[in-house]
Structure formats: structure tokens, C-alpha cells
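Asker:
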Amino acid sequence: MSWYMSAQSHIAKVHEDLPDGCSFEDRKKALKDAYPFGPRSMYPYKAWCKAQREYLAKFRPQKDIPPTPLEQAINSAQEGE
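Numbering (our numbering), first residue to last: 1 to 81.
#1: Compute the distance between the beta-carbons of LEU31 and GLN52, then report whether it is under 8 Å.
#2: Please report how far the alpha carbon of PRO61 lies from the alpha carbon of PHE24, in whole angstroms.
#3: Cα separation between ASP33 and LYS63?
#4: The alpha helix (DSSP H) spanning ARG27 covers which residue range?
#5: State the Cα-Cα distance for the pair ALA47 and GLU54, rounded to the nearest angstrom.
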């Protein structure tokens, strides 16, 4: 098993232990506390960070970003139809 696959399986176990409706910050803290590979250096840590980023991307809160001028123009053109 590779470091990355090991990290993914460990993160899956952490996910199972989290309560439903857990906040994003609580998920980040749980993953930080559950690091399994000893010193945070070299390739195992890099693989952990990648697996952690992919997991957290599913739960990251959406930002309210205003539309760009191009998006505004497209939206106004579609409303005019």
C-alpha cells in the first residue's frame, strides 16, 4: 500500500468517527490531530497533505463571490431574451 492510499484509508476512518453535520473547522482539526506517519516531513507528509486537501475540498464552504463583469453581461443578456 502506498503512502497516499494509506493516508486515504486513515482519513476515511477519521471521517467515520465524525458526527453528522460536523463543521469544516472541526474536520480540519480532527485530521490534524489524526496524522499517523510520525514526523511531518518528506514524502509521507506530502501524501497526507494531498489526501487531506482532496477530502476537505468536498466539505469546504462555498464563498459568496460577486459575478465578474463578463458574468454580469451574460446574465443580463439572458434575462433580456
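Every residue, glycine too, gets a C-beta built ideally from N, C-alpha and C. The model shown is predicted, which means the values in this text are computed figures rather than measured ones.
Answerer: Taking the geometry as given:
#1: By one-based count along the sequence shown, residue 31 stands at place 31. By one-based count along the sequence shown, residue 52 stands at place 52. It is a contact, given that the beta carbons lie within the stated cut-off.
#2: Counted from its first residue, the sequence shown places residue 61 at position 61. Counted from its first residue, the sequence shown places residue 24 at position 24. Between PRO61 and PHE24, the C-alpha separation is close to 7 Å.
#3: For the purposes of this step, residue 33 is taken as the residue at position 33 of the sequence shown. For the purposes of this step, residue 63 is taken as the residue at position 63 of the sequence shown. Cα-Cα distance, rounded: 26 Å.
#4: Translated into positions along the sequence shown, residue 27 becomes position 27. Counting along the chain, the alpha helix (DSSP H) containing ARG27 begins and ends at 24-33.
#5: Position 47 of the sequence shown holds residue 47. Position 54 of the sequence shown holds residue 54. Straight-line Cα distance between these residues: approximately 11 Å.
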